[in-house]
Amino acid sequence: MSHLDTYEHGSKELLRMLEQGQLDIALLGSLEALHQARLHTQEFAHYPFKVIVGKNHPLARQKKVSFAALKNERFIVPGSEFFHEQAFKQMCHNAHFRPKVLFRTPDIHVIKAMVAENLGISFLTQLAIVPSDDVVVLAITDDDQPTFRLSLATRETEVLSADQQKLWQLLTEQAK
């Protein structure tokens with residue numbers, strides 16, 4: 001699979017690139033099942049959203065939190081090219097507060113570094129968090145919360161190369 005060129009962008013940008021023929025295949029995140037005209041998609045994973053805080057944050061001693069309890073916090077969040085923004089707005093709306101957003105960035109590593117320095121907290125999908133991150137991960141206790149869905153997508157008219165077919169098979173077998 002060394003013949004694959006990779007690009008890293010938010011799912012909204014990757015979807016646009018795929019539809020315009022700039023990409024042959026894409027991994028896309030969404031909050032709902034993907035049903036796009038002229039695209040073949042296969043959902044293969046789901047991830048919950050989590051709250052991350054710095055190790056010295058008062059919430060760091062907890063394992064879970066209600067989203068309403070975060071109304072006075074400063075948030076560091078992904079930019080609008082990620083579906084996180086839509087999920088974040090939904091959670092804030094359901095918890096009846098307007099968030100204090102300190103900083104937006106498309107760089108998830110920057111978000112986690114800023115949270116580790118106690119500059120604010122964040123709302124990320126579990127997929128974006130790894131054990132080596134210097135943050136505390138909190139489950140969200142709210143009943144009505146979005147799920148991050150991961151799908152593989154290609155144009156219906158696209159003929160995949162052998163390497164692309166291997167990638168598709170490898171990822172979709174994980175869903176079984």
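Going letter by letter, the sequence shown gives residues 1 to 176 in UniProt numbering.
Note that the Cβ used here is the ideal one computed from N, Cα and C, for glycine as well.
Proximity below 9 angstroms, CB of residue i to CB of residue j
i	j	result
residue 46	residue 141	no
residue 122	residue 65	no
residue 138	residue 52	yes
residue 29	residue 150	yes
residue 133	residue 116	yes
residue 73	residue 100	yes
residue 90	residue 31	yes
residue 19	residue 42	no
residue 94	residue 75	no
residue 160	residue 24	yes
residue 104	residue 79	yes
residue 7	residue 15	no
residue 48	residue 145	yes
Terminal residues of the beta strand (DSSP E) in which residue i lies
i	result
residue 16	Run containing residue 16: none in the beta strand (DSSP E); it sits in the alpha helix (DSSP H), 11-19.
residue 152	147-155
residue 105	100-105
residue 128	Element bounds for residue 128: n/a, residue is neither H nor E.
Per-residue burial, residue i [other beta carbons within 10 Å of its own, 16 or more giving buried]
i	result
residue 162	exposed
residue 202	An answer regarding residue 202 cannot be provided, because it is not within the stretch 1 to 176 covered by the chain.
residue 33	exposed
residue 50	buried
residue 87	buried
residue 26	buried
residue 136	buried
Residue i - containing alpha helix (DSSP H), residue span
i	result
residue 108	108-116
residue 119	Where residue 119 is concerned, there is no enclosing alpha helix (DSSP H), given that its DSSP letter is neither H nor E.
residue 139	Residue 139 -> not in any alpha helix (DSSP H); beta strand (DSSP E) instead, spanning 136-140.
residue 173	162-173
residue 87	84-94
Any C-beta of chain D under 9 angstroms from that of residue i
i	result
residue 78	This model lacks chain D altogether, as it is built from one protein chain only.
Open item on the list: Within 8 angstroms, do at least three Cβ pairs link the region 55-63 to the region 75-93?
Closed with: no
- [ ] Output the residue ranges of the beta strand (DSSP E) runs that lie fully inside the region 23-77 and measure 3 residues or longer, sorted by chain position.
- [x] 25-30 and 39-53
Open item on the list: Count Cβ pairs between the region 112-126 and the region 166-173 that sit closer than 8 angstroms; are there 3 or more?
Closed with: no
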